[in-house]
Amino acid sequence: MRFEKAVPLTEIARLIGARIVGNSGGAATGINEIHKVGEGDLVFVDHPKYYQKCINSAATYIIINQETTFPPHKSLLLVDEPFEAYQTIVSHYRPFTPLQKNISDTATIGEGSIVMPGAVIGHHVQIGKGARIFPNAVIMDHCVIGDNVIIQSGTVIGSDAFYYNKKTNRDIHYKKMLSGGRVVIENDVEIGANCTIDRGVSGDTVIGAGTKMDNLVHIGHDTVVGKNCLFAAQVGVAGATTIEDEVILWGQVGVSKTLTIGKGAEVYAQSGVPASLAGGKKYFGSPAEDALVKKKELVWMKRLPVLWEKVFGNK
Amino acid sequence: MRFEKAVPLTEIARLIGARIVGNSGGAATGINEIHKVGEGDLVFVDHPKYYQKCINSAATYIIINQETTFPPHKSLLLVDEPFEAYQTIVSHYRPFTPLQKNISDTATIGEGSIVMPGAVIGHHVQIGKGARIFPNAVIMDHCVIGDNVIIQSGTVIGSDAFYYNKKTNRDIHYKKMLSGGRVVIENDVEIGANCTIDRGVSGDTVIGAGTKMDNLVHIGHDTVVGKNCLFAAQVGVAGATTIEDEVILWGQVGVSKTLTIGKGAEVYAQSGVPASLAGGKKYFGSPAEDALVKKKELVWMKRLPVLWEKVFGNK
Amino acid sequence: MRFEKAVPLTEIARLIGARIVGNSGGAATGINEIHKVGEGDLVFVDHPKYYQKCINSAATYIIINQETTFPPHKSLLLVDEPFEAYQTIVSHYRPFTPLQKNISDTATIGEGSIVMPGAVIGHHVQIGKGARIFPNAVIMDHCVIGDNVIIQSGTVIGSDAFYYNKKTNRDIHYKKMLSGGRVVIENDVEIGANCTIDRGVSGDTVIGAGTKMDNLVHIGHDTVVGKNCLFAAQVGVAGATTIEDEVILWGQVGVSKTLTIGKGAEVYAQSGVPASLAGGKKYFGSPAEDALVKKKELVWMKRLPVLWEKVFGNK
Chain Z
1 MRFEKAVPLT
11 EIARLIGARI
21 VGNSGGAATG
31 INEIHKVGEG
41 DLVFVDHPKY
51 YQKCINSAAT
61 YIIINQETTF
71 PPHKSLLLVD
81 EPFEAYQTIV
91 SHYRPFTPLQ
101 KNISDTATIG
111 EGSIVMPGAV
121 IGHHVQIGKG
131 ARIFPNAVIM
141 DHCVIGDNVI
151 IQSGTVIGSD
161 AFYYNKKTNR
171 DIHYKKMLSG
181 GRVVIENDVE
191 IGANCTIDRG
201 VSGDTVIGAG
211 TKMDNLVHIG
221 HDTVVGKNCL
231 FAAQVGVAGA
241 TTIEDEVILW
251 GQVGVSKTLT
261 IGKGAEVYAQ
271 SGVPASLAGG
281 KKYFGSPAED
291 ALVKKKELVW
301 MKRLPVLWEK
311 VFGNK
Chain F
1 MRFEKAVPLT
11 EIARLIGARI
21 VGNSGGAATG
31 INEIHKVGEG
41 DLVFVDHPKY
51 YQKCINSAAT
61 YIIINQETTF
71 PPHKSLLLVD
81 EPFEAYQTIV
91 SHYRPFTPLQ
101 KNISDTATIG
111 EGSIVMPGAV
121 IGHHVQIGKG
131 ARIFPNAVIM
141 DHCVIGDNVI
151 IQSGTVIGSD
161 AFYYNKKTNR
171 DIHYKKMLSG
181 GRVVIENDVE
191 IGANCTIDRG
201 VSGDTVIGAG
211 TKMDNLVHIG
221 HDTVVGKNCL
231 FAAQVGVAGA
241 TTIEDEVILW
251 GQVGVSKTLT
261 IGKGAEVYAQ
271 SGVPASLAGG
281 KKYFGSPAED
291 ALVKKKELVW
301 MKRLPVLWEK
311 VFGNK
Chain G
1 MRFEKAVPLT
11 EIARLIGARI
21 VGNSGGAATG
31 INEIHKVGEG
41 DLVFVDHPKY
51 YQKCINSAAT
61 YIIINQETTF
71 PPHKSLLLVD
81 EPFEAYQTIV
91 SHYRPFTPLQ
101 KNISDTATIG
111 EGSIVMPGAV
121 IGHHVQIGKG
131 ARIFPNAVIM
141 DHCVIGDNVI
151 IQSGTVIGSD
161 AFYYNKKTNR
171 DIHYKKMLSG
181 GRVVIENDVE
191 IGANCTIDRG
201 VSGDTVIGAG
211 TKMDNLVHIG
221 HDTVVGKNCL
231 FAAQVGVAGA
241 TTIEDEVILW
251 GQVGVSKTLT
261 IGKGAEVYAQ
271 SGVPASLAGG
281 KKYFGSPAED
291 ALVKKKELVW
301 MKRLPVLWEK
311 VFGNK
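The listed protein sequences correspond, in order, to chains Z, F and G.
Under this note's numbering, the letters of the first sequence match residues 1 to 315, in that order.
Under this note's numbering, the letters of the second sequence match residues 1 to 315, in that order.
Under this note's numbering, the letters of the third sequence match residues 1 to 315, in that order.
Here it is in C-alpha cells:
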C-alpha cells in the first residue's frame with residue numbers, strides 16, 4: 001500500500017505504539033510484504049526465521065517484535081504484534097468506507113467510457129478513456145482501469161484478498177488480514193463475465209496491457225499478469241504469482257501461489273501448475289509437465305497390460 | 001423445512017388429498033428428506049425399496065403411495081404421488097413471493113451491519129450484527145446470516161437446489177423439486193466474490209462458524225460445512241455432503257454428494273473426492289487418495305520405460 | 001447474424017468498400033462463420049487455405065481478399081481485409097447501444113414472467129411466458145428466453161464471445177472480433193446462479209428445451225446444447241461445440257471447442273473432453289475415455305510395484 005504522501009516515522013510509531021530503534025527522522029512511502037517492498041517502505045515480521053530476510057530487503061523501516069542488528073540507514077519499529085501493527089496502519093490510512101451509491105463521487109471516469117446499469121464503481125476508482133463496464137460489474141475502492149478496457153457483466157474487481165493469519169491457540173482459526181492494495185488493469189485488457197480479481201494485500205494485483213480473459217476466471221491477490229496473455233474460461237490463479245507476457249492458459253487451468261510462468265508458455269486445459277514453468281514451452285497435466293513428456297506417459301499407461309502379460313504370462 | 005408453527009395432520013391431509021392411516025390427532029413440525037428428519041416431521045416416499053427406511057426413520061408422519069405396516073405412534077398419509085404432495089406442501093407453506101425491491105420489508109438487519117449498493121436481501125432474511133454485505137451480493141428468502149459475516153460482491157446465498165425428479169415416460173426429462181430449505185451462515189464466516197450457496201431442498205445448508213471461502217466457490221443444497229474450514233477458489237461441493245471442522249480444500253477441488261470429509265482433512269488442489277475421507281490426513285488426485293500414496297504413483301509412472309526396456313530389451 | 005430484412009449486395013459492398021465480382025443484384029440474409037452459413041448468407045475468408053471451403057459452403061456471398069473461381073450463382077466481394085469487413089458489417093447492422101436503465105424499452109416480457117430487482121434486460125430481448133429472472137441476473141441485447149425458463153441470481157446471458165484475431169506483426173496481440181450473434185434459451189430450461197452463456201459470434205448459442213444447469217456453468221459462443229441435458233456445477237463448455245439431447249455432464253467437467261458429444265452420453269466429474277464422444281456411453285478422465293477402460297487403468301497403476309518386483313527382484 002502506497003501512502004498518499006510520505007508519513008513521518010514518528011507518526012507511524014505513535015499510531016502503532018512502537019519504540020523506534022535507529023534514526024527516527026525519516027518518512028515512510030508505503031507498507032508492503034517482503035516480496036513487494038521498495039526503498040522508503042515499511043515491512044513487518046514476527047518470526048525470527050524471517051528477521052534477516054526482512055532487514056536485508058529493500059524496505060527501510062522494519063516493524064519487528066525483537067531488537068536485532070540492522071544496517072545504519074534503516075530503522076526498527078519495535079512492537080509486540082507486527083501483524084496487528086500492519087492491520088492498524090491499513091485501517092488508519094485506508095479506512096473502510098461503505099459505498100452509499102452505485103458510483104462514488106470520488107471515482108473518475110474518462111472520456112468516452114460507459115458504465116452500464118447496476119455496475120458499482122467504488123471510492124477513488126480511476127477509469128481511463130473508452131472503457132466499457134457492463135451491467136452489474138463491481139469495481140471496488142482505489143482500483144485503476146486503463147483505456148479501452150472492457151469488463152463484462154457481473155465481474156468483480158478488487159474483492160478482498162483471501163489471506164488469513166492462522167491462529168492455533170486452543171482451536172485452529174483464521175484472522176483476516178486487511179487488503180491495503182489495489183487492482184491495476186492496464187490498457188486494452190478485456191475481462192469476461194463473472195470473473196473475480198482480488199486486490200493486493202499490501203501491493204497491487206496487475207493485469208498487463210492487451211491481456212484477454214474469458215468468463216469465471218479467478219486471479220488472486222498481488223498476482224502480476226503480463227501483457228497480451230490469453231486465459232480461457234474458469235482458469236484460477238492463486239496469490240502473489242507472476243505470469244509473464246504472452247502466456248496462454250486454457251480452460252480450467254489452476255496455478256498455485258508465488259510461482260512464475262515464463263514468457264510465451266502455453267498450458268493445456270485442466271492442467272494444474274504447482275511450481276514455476278519455463279517460458280516458450282507447452283505443458284499438460286496435474287501436476288503440469290512438458291506436454292510431450294506427459295503425452296508419452298499416457299501412451300505408456302496403455303502398454304501396462306502387455307507388459308504384465310509378458311512378465312506373468314497372463315492378465 | 002420447518003413450519004412456523006406445528007400444523008395439524010388433518011390440515012396437511014386436506015391440502016394434499018391424503019387419507020390418514022393411524023392416529024390423525026397429531027401436528028407436524030416440518031417436512032424433510034429421509035436423511036434430515038426429526039421427531040414430529042413429515043417424510044415422503046414413493047418407492048417400495050425405501051418404504052421401511054422411511055417408516056423407521058425419526059419422522060413421525062409418512063407420506064406414502066401404498067398402505068404398509070408401521071409403528072403405533074406414527075401415521076401414514078396415503079396419496080398417489082408423494083413427491084407431488086411434497087411440492088404442494090412447500091408451495092403452500094413457503095409460497096414463492098417475488099421480491100419487489102432490493103431489501104424486503106420482512107428482512108431484519110442487525111446493529112452495525114452494512115449492506116452495500118445493488119445487494120439484494122430477500123423476504124424473512126435475518127442478518128446479525130457487524131456483517132458486511134458487499135455490492136450486488138444476493139441473499140434470498142429465509143436465509144440466516146450470523147454476526148460479523150463478510151460476503152464479497154456478486155455472491156449468491158440461497159439459490160434454488162439443483163434437484164430434479166427424473167421422468168422417463170416417453171423421453172427423459174426433469175421435474176424441478178422445490179427448495180423449502182434455507183442457508184444458515186454462522187458467525188465470523190467470510191465468503192469471497194461470485195460464490196454460490198444453494199438452499200436446502202427440505203433442510204438447511206449450513207456454513208459453520210469461522211469458515212473462510214475464497215471466490216467462485218459452489219456449495220450444494222443441504223450440505224453442512226463445519227467450523228474454521230478453509231476453501232480456496234473455485235472449489236465445488238455437491239449436495240447433502242458433510243464437511244467436518246477445520247477441513248482445508250485447496251483450489252478447484254471437487255467433492256461429490258452425500259459423503260463425509262473428516263475433521264482436519266486437507267485436500268490438495270484440483271483433487272476430486274468421490275467418496276468419504278477420514279479426518280486428519282492429506283489427500284491428492286482425482287479420484288483423491290492418500291497424498292503420499294498418490295505421489296509414489298506419480299514416481300512409479302516415470303519408471304515404466306525402464307521396466308519395458310528390461311522386459312522387452314528395447315522401447 | 002441474421003439481418004432484420006435482406007440487405008442488397010450493393011449496399012453491403014458500399015459499406016465495406018468492396019468490388020463485386022459476379023452477379024451484384026442479390027440481397028444477403030445474414031453473415032456467419034463457415035460452419036454456420038446458409039443460403040443467402042455472407043461468409044468471410046482471408047487465407048488461401050480456406051478459400052475453396054468458403055466458396056463451396058452454403059453461403060451465397062463470399063467476402064474475400066483475392067479473386068478466384070466460383071460457382072455462377074454466387075458472388076465475391078473483394079476487399080483487402082475480410083475480417084475488418086465482418087467487423088464493419090456487425091457494427092453497422094447491430095450497433096453497440098449502451099443500456100441506460102435496467103430494462104430496455106425494446107425488451108418484451110411475456111405474461112406471468114417475473115423480473116426481480118437488479119436484473120438487467122437488454123435491448124430487443126424477448127422473454128416468453130411464466131419465466132422467472134432472479135435478482136442481478138443479466139440478459140444482454142437480442143437474446144431470446146423461452147416460456148417457463150428459470151434463471152437464478154447473478155447469471156449472465158449474452159456476454160461477448162471470447163473470440164480474437166491473433167496478430168503477430170511485431171508482438172503477439174489479440175484483436176476482438178465483434179459478437180453479432182445471440183443466445184437462444186428454449187422453453188423449460190433452468191439455469192443456476194452465477195453462470196455465463198456467451199452470445200454467438202455470428203450465429204446463435206442455443207440451450208435446448210428442458211435442459212437444467214447448476215451454478216457457475218460456462219457455455220461458450222455458438223455452442224448448441226440439446227434438449228433435456230443435465231450439467232452439474234462448474235462445468236465449462238468451449239465455443240462452437242454441439243452437445244446432443246439428454247447428455248449429462250457432472251461437476252467441473254471441461255469440454256473443448258468445435259466437437260460433438262452424442263445423445264445420452266454421460267461424463268463423470270472433473271473429466272476433460274478434448275475430442276468428440278459417441279452417444280449412449282459413460283466417460284471419465286482427462287482426457288476422457290470410456291469409463292470402464294479408465295477405471296481398469298487406475299487398477300493397472302496399482303499393480304506397477306508388483307510388476308517391478310517380479311522383474312527387478314526388489315523395489
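Where a beta carbon is used, it is the ideal one built from N, C-alpha and C, also for glycine.
Values in this document were obtained by computation on a predicted structure and should not be read as measured data.
- Along the length of the stretch 85–156 of chain F, whole beta strand (DSSP E) runs at least 3 residues long do not occur.
- Against Gly118/G, the close residues of chain F are Asn102, Gly118, Val120, Asn136 and Val138, in the order they occur along the chain (beta-carbon pairs closer than 8 Å).
- For Ala233/Z, same chain residues with a beta-carbon under 6 Å away, outside a window of 5 residues either side, are Asp214, Asn215, Leu216 and Gly251 in chain order.
- In this structure, Asn165/G lies away from Gly154/F, with their beta-carbon atoms at least 8 Å apart.
- Rounded to the nearest angstrom, the gap between the Cα atoms of Ile172/G and Leu298/Z is 32 Å.
- Between the stretch 138–150 of chain Z and the stretch 180–187 of chain Z, the count of Cβ pairs shorter than 8 Å is three or higher; the stretches touch.
- Look at Val225/Z here: in three-state DSSP terms it is strand.
- Assigned with DSSP and collapsed to three states, Leu42/G falls in strand.
- Annotation: Arg2/Z is outside any alpha helix (DSSP H); the continuous beta strand (DSSP E) that includes it extends over Arg2 to Pro8.
- Only buried fits Arg132/G, as 16 or more other CB atoms lie within 10 angstroms of its CB.
- Closer than 8 Å to the CB of His123/Z there is not a single CB belonging to chain F.
- Within chain G, the C-beta atoms nearer than 7 Å to that of Glu246/Z come from Ile172, in chain order.
- Among the residues of chain F, those whose CB is under 8 Å from the CB of Ser153/G are Val120, Val138, Met140, Val156 and Ser159, following chain order.
- Pairing Thr60/G with Gly30/G gives a Cβ-Cβ distance that is not under 8 Å.
- The beta carbon of Gly254/F sits closer than 8 Å to some beta carbon of chain G.
- Per DSSP, the beta-bridge partners of Phe231/G are Met213/G and Leu249/G.
- Under the three-pair Cβ rule at 8 Å, the stretch 103–121 of chain G does not count as touching the stretch 49–68 of chain G.
- Remark: C-beta atoms of Lys263/F and Glu244/F approach each other more closely than 8 Å.
- Cβ atoms of Glu190/G and Lys176/F come within 8 Å of each other, at about 6 Å.
- When rounded, the separation of the alpha-carbon atoms in Tyr283/F and Thr168/Z is 22 Å.
- Interface residue (Cβ-Cβ distance to chain Z less than 8 Å): Leu216/F is classified as such.
- Within chain G, the residues placing a beta-carbon under 8 Å from that of Leu230/Z are Tyr164 and Tyr174, ordered along the chain.
- With respect to chain F, the C-beta atom of Ser57/Z has no partner C-beta closer than 8 Å.
- In the DSSP assignment, Asp290/F is bridged to Tyr283/F.
- Contacts with chain G (Cβ-Cβ distance below 7 Å) from the stretch 185–198 of chain Z involve Glu190, Gly192, Ala193 and Asn194, listed in chain order.
- Among the bridge pairs identified by DSSP, Asp160/F is matched with none.
- The alpha carbon of Asp46/G has as its nearest neighbour, out of Ala85/G, Thr69/G, Phe70/G and Asn23/G, the alpha carbon of Ala85/G.
- Excluding residues up to 5 positions away in sequence, Gly220, Ser256 and Lys257 lie with their Cβ nearer than 6 Å to the Cβ of Ala238/G in the same chain.
- With contacts defined as CB atoms closer than 8 Å, Gly181/F and Gly200/F qualify as a contacting pair.
- By the beta-carbon neighbour count (other beta carbons within 10 angstroms, threshold 16), Asn23/Z is exposed.
- At least 8 Å separates the CB of Gln126/G from every CB of chain Z.
- Straight-line measurement puts the Cα of Asp204/G at about 8 Å from the Cα of Val224/G.
- At a beta-carbon threshold of 8 Å, none of the residues of chain Z lie near Leu78/G; the nearest stands roughly 31 Å away.
- The beta carbon of Lys294/Z sits no closer than 8 Å to any beta carbon of chain F.
- Here Glu246/F is buried, its C-beta having at least 16 other C-beta atoms within 10 Å.
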